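Notes follow the structure.
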Amino acid sequence: MMQKALGFSIEQRVHTGVATINPKETTMTTTKQIPATQNDAWGFWGTMNNDAQAAWPIAMTAISDATCQPLESARVFLDSRHGRHFADDVLNEMLRGHSIKQAIDVAVTRWMGWTIGRRTSKENGIPKGLPYLTGFVIHCEIVEEELAA
1 MMQKALGFSI EQRVHTGVAT INPKETTMTT TKQIPATQND AWGFWGTMNN
51 DAQAAWPIAM TAISDATCQP LESARVFLDS RHGRHFADDV LNEMLRGHSI
101 KQAIDVAVTR WMGWTIGRRT SKENGIPKGL PYLTGFVIHC EIVEEELAA
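For the sequence shown, position 4 matches number 4 in the UniProt record's numbering, and the numbering has no gaps at all.
Take a look at the structure:
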């Protein structure tokens with residue numbers, strides 16, 4: 001017989017702030033659909049050349065996670081001229097002997113460490129002091145939305 005407390009079965013109780021349906025299941029798996037590039041000649045994809053296929057999902061996920069922006073915003077950034085510059089940074093790290101994932105992680109860390117300065121803020125309308133990567137991911141998304149309108 002299933003125990004009930006306050007109208008919920010034990011399996012449905014809230015525990016430590018997380019509602020559970022099956023408390024025996026301790027892991028959660030999600031599948032994120034990685035948007036494909038819409039600019040395979042330029043941007044990140046075009047700059048990465050033969051490594052583009054392997055680097056794309058790693059870069060998309062790393063940028064989305066670091067900036068707390070959706071994957072589609074990361075895609076717009078990587079397809080832009082800023083994505084080309086990001087790819088240059090990744091390729092430089094690969095020339096230093098890093099794997100694709102390591103190179104992307106180093107580039108993400110570097111771009112998150114830089115901040116938007118006064119001139120960039122004035123030229124692009126990105127708030128001064130914002131992490132560079134976050135600022136340009138959001139900026140690219142806004143520009144694409146304006147062009148679509």
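We put the beta carbon where it would ideally sit given N, CA and C, even for glycine. Treat the numbers as computed from the prediction; the structure is a model and nothing was measured.
In the DSSP assignment, N124 falls within the alpha helix (DSSP H) that extends over 118-124. Looking at L133, E141, D51, the one whose alpha-carbon comes closest to that of D65 is L133.
Distances from the alpha-carbon of D51 to those of K101, A74, H82 put K101 closest.
With respect to the C-alpha of F86, the residue from A36, Q38, P35, W42 having the closest C-alpha is W42. If you look at T61, you'll find it in the alpha helix (DSSP H) that goes 52-67. Residue pairing by DSSP places T115 opposite P131 in a beta bridge.
Between L130 and I142, the gap from beta carbon to beta carbon reaches 8 Å or more. Counting along the chain, A74 sits inside the alpha helix (DSSP H) bounded by residues 71-79.
G97 carries a coil assignment under DSSP once its states are collapsed to helix, strand and coil.
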